[in-house]
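Numbered per our numbering, the sequence shown finishes at 432, counting up by one with no gaps. Single-structure report; data block below.
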Amino acid sequence: MVETVNNATSQVMAKWEAFVKESGDMERELDVQVEFMCLNVDVVARTTLGLENNDFQNILKHINCTDLRKILWCRPIPFGINVERWKVRKQLNDLVRKQVRERRKKTTEGNNVDFIGKLLDNPDVREDVIVAELKTLYATGFISLAPLLSFTMLMLALHPSWQEKARQEVDHVLDGGFVSPKDVSKLTTIEMILRETLRLYPTMPLITRLCIKDTMVGDVSIPKGLGVSVNVVALHHDPDLWGDDVNEFNPSRFKNGTATAAKHPMAFMPFAYGVRTCIGRAFSEVQCKVIIANIFQRFEVKLSPNYRHHPVITGPLIPKHGMPVILKPRRNF
Ligand code: HEM
């Protein structure tokens, strides 16, 4: 998996370097939010289907994160903007279906060791079900991972000393090479940076549950049948749990892991807890580390004057106006 993420990210890094070079300047502005959406979709296509998927990226470039959710999961009444969304939705469905058929042709029965392969092997699983599963995996890439990576760029652009620490770690651990599976656990500064970013900007900010029996939480009575939401943003910004520097970007608070970062071991819950906890947690932690390491191995990052700070909850927490940053390649062309 690490190799796959490296390959996909390297292509994007080469594209970013060419993009800067093309301008004739030493640095150039780029909205990385869209780039991360496309990169994450590419990683899912490679890891689940063994396919590279530039077609998907062409569709994604024209729509934003908020729209994409509406396109994937709503069944809009066909008028006005819904007609456009319906068309994009059909394009996406057709593309995922085409990918599933392509993958079916590439593999022989019994030879499918990955998740989608197992589904393809099972004659009882309809194609529609496989397409739906894949769409869920694709969606997590642009709904939760792309905003996390974007907010991480924001934090490191605003805190150059942490950017420098990340860069020193990358240079030390990778020594100019690719990230290998054994390197991932050594990228501890990047891990702390990602966790602190997820604390300040939890990309899944509301966790909803249905109360199944009458319950008391402290002195609050929650009757059976009531829907309850855990407000993760509020939890992650509670000074009683995190201390007076709760609003500061301080990755060091995670130096001994997540359980001791706050006064309560469950104060940090970007991936939820319990039986419905995020199944993609380990995957996304590795993926983000590899991507951030690749970026800071090659670039210095500054915030663009065109950035408008407007985090908004649209289901996920996203930077509403994208994440324009200024990229400066570290090596000479
Ligand atoms: C920064 C990245 C991510 C964050 C913050 C995140 C967060 C979450 C949260 C909070 C939940 C629980 C939702 C609830 O119970 O209401 C969840 C569930 C889930 N996540 Fe993630 N997620 C991330 C990445 C991923 C990735 C990369 C995948 C897939 C590869 C994934 C797959 C899932 C699935 C399938 C569920 C539903 C599990 C169930 O209901 O049993 N997530 N995620």
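A virtual CB, placed ideally from N, CA and C, is assigned to each residue, including glycine.
Closest residue to residue i among the options (Cα-Cα distance)
{"i": "TRP341", "options": "THR307, ALA360, PRO423 and MET368", "result": "ALA360"}
{"i": "LYS285", "options": "LEU297, ASN192 and VAL269", "result": "VAL269"}
{"i": "TYR237", "options": "ALA144, SER328 and PRO259", "result": "ALA144"}
{"i": "THR357", "options": "LEU416, PHE370 and ASN346", "result": "PHE370"}
{"i": "VAL327", "options": "ILE311, LEU299, ASP318 and VAL411", "result": "ILE311"}
{"i": "ILE390", "options": "ILE321, LYS234 and ALA265", "result": "ALA265"}
{"i": "PRO423", "options": "HIS409, ASP220 and GLN110", "result": "HIS409"}
{"i": "PRO246", "options": "ALA107, PHE135, VAL385 and HIS363", "result": "PHE135"}
{"i": "THR108", "options": "VAL142, ALA256 and THR235", "result": "VAL142"}
{"i": "THR376", "options": "VAL319, ASP274, ARG308 and GLU263", "result": "ARG308"}
{"i": "GLN396", "options": "THR103, GLU263 and VAL119", "result": "GLU263"}
{"i": "LEU257", "options": "PHE118, GLU347 and TYR372", "result": "GLU347"}
{"i": "ASP193", "options": "GLY324, VAL283, GLU226 and GLU384", "result": "GLU226"}
{"i": "GLU116", "options": "VAL400, ASN221 and THR103", "result": "VAL400"}
{"i": "ILE215", "options": "THR146, SER122 and LYS120", "result": "THR146"}
Cβ distance (whole Å) where residue i is taken to contact residue j below 8 Å
{"i": "THR239", "j": "GLY379", "result": "6 Å"}
{"i": "VAL299", "j": "HIS335", "result": "Note that residue 299 corresponds to Leu in the displayed sequence, not to Val. About 7 Å; that satisfies the 8 Å criterion."}
{"i": "ASN393", "j": "MET112", "result": "6 Å"}
{"i": "VAL230", "j": "VAL195", "result": "5 Å"}
{"i": "GLN386", "j": "LEU244", "result": "7 Å"}
{"i": "ASN106", "j": "VAL278", "result": "Not quite, the Cβ-Cβ distance comes to about 11 Å (not below 8 Å), so this is no contact."}
{"i": "GLU500", "j": "LEU218", "result": "Outside the displayed span of the chain (100 to 432) sits residue 500, for which this structure offers no information."}
{"i": "VAL331", "j": "MET368", "result": "6 Å"}
{"i": "ILE242", "j": "PRO415", "result": "5 Å"}
{"i": "THR251", "j": "THR296", "result": "5 Å"}
Paired residues, beta bridge with residue i - DSSP
{"i": "VAL400", "result": "LEU426"}
{"i": "PRO418", "result": "PRO410"}
{"i": "ARG127", "result": "LEU426"}
* Specify whether the stretch 289-298 and the stretch 400-416 touch according to this definition: at least 3 beta carbon pairs, one from each stretch, less than 8 Å apart. => When Cβ pairs closer than 8 Å are counted between the two stretches, the stretch 289-298 is seen not to touch the stretch 400-416, the count staying below three.
* **At least three beta-carbon pairs within less than 8 Å, the stretch 412-429 to the stretch 122-129** => Yes: the two stretches touch, three or more of their Cβ pairs being nearer than 8 Å.
* Asked: What runs of the beta strand (DSSP E), each 3 residues or longer, lie entirely inside the stretch 251-332?
  -> If we require 3 residues or more, the beta strand (DSSP E) runs fully inside the stretch 251-332 come out as 305-309, 314-316, 319-321 and 326-330.
* To do: Just list the beta strand (DSSP E) runs in the stretch 359-389, keeping only unbroken ones of 3 residues or longer that don't cross its boundaries, in chain order.
  => Under the rule that a run must span 3 or more residues, no beta strand (DSSP E) segment is found entirely inside the stretch 359-389.
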